[in-house]
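Some notes on the structure that comes next.
Numbering (my numbering), first residue to last: 619 to 990.
Below, the structure written as structure tokens:
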């Protein structure tokens with residue numbers, strides 16, 4: 619992290635005069651202003667036009683060729699994007715008071731610009747000794763993290779600042795200090811306190827972590843999904859290099875397909891139901907046998923809003939992870955709408971596989987119950 623302090627976030631409408639007023643005001647009291655959005659071709663995109671009315675000939679020619687190659691005719695709206703330099707998705711502008719950095723509203727474009735250009739430029743300007751270290755956690759809410767940290771007294775000495783940032787499905791713990799040794803000390807204590815929940819200190823996601831482990835250990839994986847509808851497989855195969863470990867997956871929503879594709883015993887489905895520890899376990903084991911994979915994930919549950927019972931309410935999910943020699947099945951209960959239940963089932967399954975790999979069976983929450 620850069621260490622610079624973000625003092626203000628301002629939202630302004632698509633009115634050029636208002637945008638300019640905000641920029642003039644904030645440039646007088648800040649070193650750096652970062653604008654996000656307004657770089658596109660439509661009527662409400664003003665950032666590039668605000669920079670100046672002079673079209674860049676090379677950028678204009680590039681746009682014309684790009685549009686023509688796709689069989690379209692370039693219109694006047696597209697010409698607005700040629701106000702930026704050739705090859706640029708944004709621009710810098712040094713005013714008398716501050717460095718103005720204009721970035722596109724598309725997150726992937728903005729993040730790429732930050733990585734390859736903005737970060738280094740801004741860090742040279744700020745020159746702050748303050749640093750922030752981030753621990754990414756999964757499975758614990760902000761309030762539970764705060765409670766445990768307070769009970770441990772880790773930040774009572776005032777030598778570092780504690781912060782949190784929740785971004786579904788993760789919660790980041792932020793440690794800020796000008797003393798590198800203090801950050802290292804606090805990090806070590808938090809790592810020990812939340813050994814079950816800290817998944818990364820480098821910004822990796824659960825799919826990233828599972829991907830990395832399987833690739834490094836040269837292991838293969840299969841995924842058998844019911845209520846998650848292929849989401850787990852999608853998350854894993856979205857990362858380049860998935861073919862090195864991913865054998866394949868089964869999306870078996872109906873009981874009929876569970877029997878035909880995965881060979882789930884009709885007696886298991888009749889006796890215990892499709893949403894049960896027994897079915898999840900058999901899905902895992904049969905998937906492993908069919909594909910020959912080293913490890914696997916199986917998920918079956920009730921995402922709602924219908925289908926729940928008193929014994930198995932909406933949000934009941936059974937997750938099986940492991941190998942043929944060591945299948946582990948868990949009962950999980952989630953609250954929320956259908957989308958949240960599906961998403962949390964996906965990420966919890968990946969986290970359980972992560973724990974299986976590192977030999978950590980502990981659980982931060984009561985919602986996770988190992989099945990016999």
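Glycine included, every Cβ here is placed at the ideal spot set by N, Cα and C.
Check the C-beta distance from residue i over to residue j and give it rounded, since I have them as a contact under 8 Å.
| i | j | result |
| --- | --- | --- |
| residue 894 | residue 936 | 6 Å |
| residue 750 | residue 794 | 4 Å |
| residue 864 | residue 837 | Wrong, their Cβ atoms sit about 11 Å apart, outside the cutoff. |
| residue 816 | residue 740 | At roughly 28 Å, the Cβ-Cβ gap does not stay under 8 Å, so residue 816 and residue 740 are not in contact. |
| residue 970 | residue 948 | 6 Å |
| residue 846 | residue 917 | 5 Å |
| residue 938 | residue 899 | 5 Å |
Would a C-beta distance cut-off of 8 Å place residue i and residue j closer than the cut-off?
| i | j | result |
| --- | --- | --- |
| residue 887 | residue 868 | no |
| residue 828 | residue 972 | yes |
| residue 792 | residue 767 | no |
| residue 912 | residue 951 | no |
| residue 902 | residue 842 | yes |
| residue 819 | residue 784 | no |
| residue 905 | residue 956 | no |
| residue 755 | residue 812 | yes |
| residue 708 | residue 725 | no |
| residue 654 | residue 728 | yes |
Straight-line CA distance for residue i to residue j?
| i | j | result |
| --- | --- | --- |
| residue 856 | residue 866 | 13 Å |
| residue 623 | residue 742 | 14 Å |
| residue 877 | residue 890 | 14 Å |
| residue 965 | residue 824 | 7 Å |
| residue 831 | residue 780 | 30 Å |
| residue 799 | residue 854 | 36 Å |
| residue 642 | residue 744 | 20 Å |
| residue 748 | residue 737 | 15 Å |
| residue 645 | residue 639 | 10 Å |
| residue 861 | residue 833 | 10 Å |
Classify residue i as helix, strand or coil using the three-state DSSP reduction.
| i | result |
| --- | --- |
| residue 951 | strand |
| residue 628 | coil |
| residue 638 | helix |
| residue 686 | helix |
| residue 837 | coil |
| residue 746 | coil |
| residue 645 | helix |
How about residue i: is its C-beta nearer than 8 Å to some C-beta of chain B?
| i | result |
| --- | --- |
| residue 721 | Absent from the structure is chain B; it holds one protein chain and no more. |
Within the stretch 750-801, note down every full alpha helix (DSSP H) run reaching 4 residues or more, in order along the chain.
Assignment of alpha helix (DSSP H) within the stretch 750-801, counting only whole runs of 4 or more residues, yields 760-770 in chain order.
If you scan the stretch 871-943 from start to end, which runs of the beta strand (DSSP E) of 3 or more residues do you find wholly inside it?
List check, beta strand (DSSP E) in window: 913-919, 934-940.
What are the start and end residues of each continuous beta strand (DSSP E) run of 3 or more residues lying completely inside the stretch 809-857, in chain order?
The stretch 809-857 contains these whole beta strand (DSSP E) runs: 816-818, 839-843.
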